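Written below as C-alpha cells is the structure these notes are about.
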Amino acid sequence: MLWKIVFAHEWLLLRRRPLLLAGLGFLLLCGAYGLYAGHYFAQGERTVLRSLEAGQAGRLARHLARAQADTSTAQGRRDRRWVHNAVISDRELAAVAAQPLAPLAGLAIGQRDVYPAAYPCRPWDDAYDAASGELRNPDQLLAGNFDLAFVILYLVPLFAIAYAHNVLAEEHAQHTYRLLRVQAGSVRAVVGYKLLFRLGVVLAVVLGLSLAGFGLNAVPLAPAAPWLGWLLLSALYVVAWFAGIYAVAAATHSAGAAALGLLGAWVGLVVLGPAALTYAQQRQQADPEALALVSVGRDQRTNPWQWRLPVIRAAFYRVAPRFAHPRYVSRDTAQLRFLAYTELQHQQKDSAGSTQVREQARLYRQACRLAPLLPVLATQQAFNRLSQSELPDHLAFVRAVRRYQRQRRYFSYGYDLSGAPFGPAQVRQLPAFRYRPGVAWVPLAWPGAVLAAWALGLAALGYARLGRAGAP
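In the working numbering, the protein residues as written are -8 to 463.
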C-alpha cells in the first residue's frame, strides 16, 4: 500500500538526518525544562498556601488561649477582653482567602504570576485594594513563563516548520516530482502521507510531554474535562499549523520561499499579533492610578469619619440595611461610628474597584472576539482557562473573596452591634473561606472551533492548490 511505502521512507529519512534529530532532541529538552519550571512554580505556590493555612491555624490557637489568660495582670485582662470582642477577634485572626491551584497549574502558569493568589480578610480589607491594572504581562509579550504551554505555543510550530516546510519542494529539488506524478498517480496522496507521518511525530512529542506533565503534577482522572481539553486543544493546535504548512508548501516549489513564508506567519501570529493587541488594549484601559487618585480626592472631600452621628448612621443603614433592625441598635456610639465608617469605606473602594474590574472584563471579551484572527492567543487563553490561571478565573476568585469578606464582616458586626455574648465558641463559628471552581467545556468550545476552522480552511486551500499543480 502507498501509505506504508511513504511511512517507511519517512522513517528512514528521519533516522538519517542528524540535524533534524538534534532539533527533536532540543524540543524534548525544552519540553522537559518547561515541565520542571512549571512544576517548580506550582510547588512554590502550594508551599506558600500551606504556610498561610498554618499561620491561620496558629493565630486561632493563640487567640483562643487568651480566654484562659490571667486577669490579675493588665495584659491578661486585655487578652480576655479581646477574645470576647467580635471585631477585635476578627482582626487578630487575620483570616486569608487563598485561591487553590488547579491540577494543570504546573503546565500553564498563565496570569497566576501577575495577580494575587491570596487576600487578607480583616474587617477593613477589601479585595479591590489589590486590583491590578494589567490585562496582560506586557514585558513578556503574552508569552508568560517558560512552561509546557509556552513550549507548545511557541517552539513546537518552529520545529514543525523546520521539519515539514520542504514536504513538496524536496521532490522538485531531487527531480522526482514528475516521476512521482506518473508512478504514484496522485501527488496529493504522497504529500498527504508524508505530512501525516511528520504530523504524527510532532503529535507524539506534544502528547507525550503532556502526559508526562499530567503524571508530574498528579492530575486526577476525574474530572476529565481539564486533561481531555488540554490534549484536544494541543492536537488541534498542531494540526492547524500542519494545515498551514500544507497550504504554503503547495503554493511554491521553493523550500526557501516556503520556509520564509511560514516563519513570517509564525512571527505575525505568535509574536506581533498578540503584542499589538496587548499594546492597543493597554492604551484603551483606564489608568488604575488615576482611579485611585479620584477615589482619594473624593475621600478627602467627604470623609465619613467627619460626619455627624445621625448622618453616618443613616448612611450605614442605607448600605447595610440588615443592621437597621432594632436588635442591632448599639448604645456604644464609638463602636457604631467605627463600624459604619469601615462599611462606608468599603463602598467607596467598591465604586472604583468595580469600574476597573468591568474594564478588564470588557477588554478580555474584546480579545476573545478577535480569536479568529489570532488563533495562537485563543489557544493560550484556553490553556490558561484549563489551568484556572486566566483573567476570568482571577475575577471569579475576587468576587468570591469579596462575598466572603462581607460575610465575615457582617458576622462580627452582628455581635458587636447587638451586644450578644461573644467568646471562644463564637470564634470557632467565624465563616471559613471555601472556593472550589469547576472547569466547563463551554469556555473551550470557541478556541477549539477557531482552530478547527483554521485547520480545515488551510487544508482545503492546500488541497485545491496541489490538485491544480499536480494533476497528471
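Glycine included, every Cβ here is placed at the ideal spot set by N, Cα and C. Note that the structure is a prediction, hence the values are computed from the model and not measured.
Is DSSP giving residue i helix, strand or coil here?
i: V210; result: coil
i: Y426; result: coil
i: A88; result: strand
i: Y404; result: helix
i: A109; result: strand
i: T64; result: coil
i: H163; result: helix
i: D384; result: helix
i: R456; result: helix
i: A411; result: coil
i: S201; result: helix
i: W445; result: helix
i: W115; result: coil
i: D70; result: helix
i: D81; result: helix
i: Q420; result: coil
i: P363; result: coil
i: R103; result: coil
i: D138; result: coil
i: V178; result: helix
i: V158; result: coil
i: V320; result: coil
So residue i is in the alpha helix (DSSP H); what residue range does that whole segment cover?
i: A249; result: A246 to W257
i: Y24; result: P9 to A56
i: I152; result: V147 to A155
i: R353; result: T324 to R360
i: V367; result: P366 to L377
i: V229; result: A216 to A242
i: A305; result: L300 to V310
i: L95; result: That residue, L95, is in no alpha helix (DSSP H); it is neither H nor E in DSSP.
i: W6; result: According to the sequence provided, residue 6 is Arg. The question's Trp does not apply to it. From DSSP, the alpha helix (DSSP H) with R6 extends over L(-7) to R6.
i: Y270; result: G264 to Q275
What does the Cβ neighbour count give for residue i, buried or exposed, with the cut at 16 atoms within 10 Å?
i: L218; result: Residue identity check: residue 218 is Trp in the sequence provided, not Leu. Counting Cβ neighbours within 10 Å, W218 comes out buried, since at least 16 surround it.
i: I236; result: buried
i: T324; result: exposed
i: P366; result: buried
i: P301; result: exposed
i: K(-5); result: exposed
i: R400; result: buried
i: R289; result: With a pLDDT of only 47 at R289, under 50, the local geometry of the prediction cannot be trusted, and the value read off the model is given with reservation. Classification of R289: exposed, given that the 10 Å Cβ count is below 16.
i: A249; result: buried
i: L364; result: exposed
i: F17; result: exposed
i: Q90; result: buried
i: A45; result: exposed
i: H156; result: buried
i: D407; result: buried
i: S42; result: exposed
i: Y270; result: exposed
Does the beta-carbon of residue i, which I'm using as the reference point, lie nearer than 7 Å to any heavy atom of the ligand PLP?
i: F307; result: Among the ligands in the structure shown, none appear at all, so the ligand PLP cannot be discussed.
Given 8 Å, three or more beta-carbon pairs between the segment 65 to 73 and the segment 345 to 364: As far as the Cβ criterion goes, the segment 65 to 73 does not touch the segment 345 to 364, which means the pair count is below three.
Is the segment 201 to 215 close to the segment 74 to 86, with three or more CB pairs under 8 Å? Between the segment 201 to 215 and the segment 74 to 86 there are fewer than three inter-stretch CB-CB distances shorter than 8 Å, so the stretches are not counted as touching.
Does the segment 136 to 149 come close enough to the segment -7 to 8 that 3 or more CB-CB pairs lie under 8 Å? Under the Cβ criterion (8 Å, minimum of three pairs), the segment -7 to 8 does not count as touching the segment 136 to 149.
For the 8 Å Cβ check, are there 3 or more pairs between the segment 40 to 59 and the segment 382 to 392? No contact exists between the segment 40 to 59 and the segment 382 to 392.
Counting Cβ pairs closer than 8 Å, one from the segment 296 to 314 and one from the segment 326 to 341, do we hit at least three? With a cut-off of 8 Å, the segment 326 to 341 and the segment 296 to 314 count as touching, because enough Cβ pairs lie within range.
Within the chosen definition, does the segment 238 to 254 reach the segment 151 to 164 through at least 3 CB pairs nearer than 8 Å? Yes, since at least three Cβ pairs between the segment 238 to 254 and the segment 151 to 164 fall closer than 8 Å, the two stretches touch.
Below 8 Å, how does it come out for the segment 397 to 411 and the segment 377 to 389: are there three or more Cβ pairs, yes or no? Using a C-beta cut-off of 8 Å, the segment 397 to 411 makes no contact with the segment 377 to 389, since fewer than three inter-stretch Cβ pairs fall below that distance.
Tell me whether the segment 94 to 108 and the segment 19 to 36 touch, counting them as touching only if at least three CB pairs, one residue from each stretch, are closer than 8 Å. Taking 8 Å as the limit for Cβ pairs, the verdict is that the segment 19 to 36 does touch the segment 94 to 108.
Taking three-plus beta-carbon pairs below 8 Å as touching, is the segment 262 to 273 in contact with the segment 365 to 385? Touching, yes, given that three or more Cβ pairs across the two stretches are closer than 8 Å.
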